[in-house]
Amino acid sequence: MKPDQLLRPMPDGLYCPLGDFHIDPVRPVERALITHGHSDHARAGHGFVLATQQTLDIMALRYGPEFCGSAQPARYGERLDVGGVSVSFHPAGHVLGSAQIAVEANGLRIVVSGDYKRDSDPTCAPYEPVACDVFITEATFGLPVFHHPDPRAEIEKLLTSIEQFPERSHLVGAYSLGKAQRVIRLLRDCGYDRPIHIHGSLAKLCDYYVSQGIDLGDLRPATLEKSDPSAFRGAIVVGPPSAFQDRWARRFNEPLVAFASGWMMVRQRAKQGGVELPLVISDHCDWPELTETIRELAPAEVWVTHGREEALVRWCELSGIPARPLYLVGYEDEGD
Ligand SMILES: [Zn+2]
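Position 62 of the sequence shown, counting from 1, maps to 62 under the UniProt record's numbering, and the rest follow consecutively.
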């Protein structure tokens, strides 16, 4: 059997003709298998959704309980049958509930890794390598220049800044699913035990992480009835990046804007976004992680879904592994 008969790229995402299902479709479909809760992968309006319980819960939190016709939870490692095709979900280490999806028929196994990382993250289950014939990988940071530093060292920069500028409110931009909770957890692991203030839009997801056993410490809303700028003097306020670009941010005392993202490697991006303190913390693989993962799995073939496809495809070819870009569109990750 040719891999294309098992999974093929279509305008609405990867499609399995044998089992008649899509993986992370970008448009509403009959049957969808979802790798994780980021909005570019998990969309509302599908007839049936198969995903981990945590991803289903996150989708319900974001879209409401009617986000799909019917849903089925998948446990990590459990083999399920979808239209005669064997599928299983495996931890991807990206955000809470994130999974790689293995699709198997007639002795051919394709692994769709969704978004994944190898770096340690106390807020989700760690990535597990899954042997396969075809490995489908993203390439968000698929250029040799991308080396993500130790996230704890980045958090230490934030703590140092608070020591140096005790009057200033430190506003930390972090995407609401995954990154925000990881930043908060990292702060706790680095010994920061003061209250952390969060933007209202993070509350539901932070509560959900706590309900799943991720201790985030003392979280308080970053709101005041009668705005008093001094109230947040020297405080850490975590919010979605968009929040710090509008009026909301101006209530804070001498705000110092930080942003936690893999893109903060790119100085220009930080500058353009008015970010004073860039924190390079990514929920994606950097170049060494991408290439080491492919080396470790040694698949017969690699398909690259989105991001910087060309460099990774070239690297695979130079390493003797046939590879091709899929040019899937619609995956502008909200959680980089
Ligand atoms: Zn993602």
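Note that the Cβ used here is the ideal one computed from N, Cα and C, for glycine as well.
For residue i: DSSP bridge partner residues
i: Gln100; result: His90
i: His46; result: Cys68
i: Thr137; result: Val304
i: Arg185; result: Answer is none; Arg185 lacks a bridge partner.
i: Leu277; result: Ala258
i: Val111; result: Ala102 and Phe135
i: Ile23; result: Leu14 and Leu33
i: Leu219; result: Ile196
i: Leu171; result: Val237 and Val257
i: Pro9; result: Leu14
i: Arg324; result: Trp303
i: Val85; result: Val82
i: Pro73; result: Ala51
Contact check, residue i vs residue j, beta carbons under 7 angstroms
i: Gly239; j: His199; result: yes
i: Met265; j: Val275; result: no
i: Pro73; j: Ala125; result: no
i: Glu254; j: Arg168; result: yes
i: Phe135; j: Pro299; result: yes
i: Ala139; j: Gly307; result: yes
i: Ile155; j: Leu187; result: yes
i: Ala222; j: Leu202; result: no
i: Ala32; j: His46; result: yes
i: Phe146; j: Trp287; result: yes
i: Pro65; j: Leu297; result: no
i: Gly178; j: Val95; result: yes
i: Gly97; j: Tyr127; result: no
i: Val257; j: Leu171; result: yes
i: Val182; j: Asp119; result: Just to set this straight, residue 182 is Arg in the shown sequence, not Val. No, the Cβ-Cβ distance between Arg182 and Asp119 is not below 7 angstroms.
i: Leu18; j: Ala102; result: no
i: Glu317; j: Ala323; result: yes
i: Ser282; j: His148; result: yes
i: Phe244; j: Gly173; result: yes
i: Leu108; j: Asp81; result: no
Nearest candidate by alpha-carbon position, reference residue i, set the options
i: Arg251; options: Val266, Trp263, Ala235 and Phe259; result: Ala235
i: His38; options: Leu56, His22 and Val29; result: Leu56
i: Asp336; options: Arg308, Gly262, Gly307 and Glu163; result: Gly262
i: Tyr327; options: Lys2, Phe259 and Pro9; result: Pro9
i: Tyr209; options: Trp287, Leu33, Asp20 and Gln54; result: Gln54
i: Val313; options: Thr291, Ala203 and Leu297; result: Thr291
i: Arg185; options: Gln164, Pro151 and Leu171; result: Pro151
i: Cys16; options: Gly69, Leu61, Arg43 and Ile110; result: Ile110
i: Pro166; options: Ser230, Ala131 and Val130; result: Ser230
i: Ala131; options: Thr123, Phe146 and Val112; result: Val112
i: Ala51; options: Pro28, Val304 and Arg75; result: Arg75
i: Leu205; options: Tyr192, Ser86, Leu219 and Arg194; result: Leu219
i: Pro278; options: Ala260, Ala323 and Arg295; result: Ala260
i: Gly84; options: Glu309, His170 and Leu6; result: Leu6
i: Gln100; options: Gly191, Ala243, Tyr63 and Ile34; result: Ile34
i: Gly330; options: Pro3, Ile321, Pro11 and Asp4; result: Pro11
i: Ser86; options: His197, Arg269, Gly213 and Phe21; result: Phe21
i: Leu216; options: Phe232, Asp189 and Arg233; result: Asp189
Alpha helix (DSSP H) segment containing residue i, residue limits
i: Leu56; result: Gln53 to Tyr63
i: Leu18; result: Looking at the DSSP string, Leu18 is not in any alpha helix (DSSP H), and its letter there is neither H nor E.
i: Val82; result: Run containing Val82: none in the alpha helix (DSSP H); it sits in the beta strand (DSSP E), Arg79 to Val82.
i: Ala153; result: Pro151 to Gln164
i: Ala270; result: Arg267 to Gln272
i: Cys316; result: Glu309 to Leu318
i: Pro288; result: Trp287 to Leu297
Host beta strand (DSSP E) of residue i (start-end)
i: Ile196; result: Ile196 to Ile198
i: Ile236; result: Ile236 to Gly239
i: Leu205; result: Premise fails: Leu205 lies in the alpha helix (DSSP H), Ala203 to Ser211, not in any beta strand (DSSP E).
Heavy atom of ligand 1 within 6 angstroms of residue i beta-carbon
i: His148; result: no
i: Asp189; result: no
i: Asp115; result: yes
i: Gly38; result: Inspection of the sequence shows that residue 38 is occupied by His rather than by Gly. Checking the Cβ of His38 against ligand 1 gives yes.
Residue i Cβ short of 6 angstroms to ligand 3 heavy atom set
i: His197; result: What this structure holds is ligand 1, not ligand 3.
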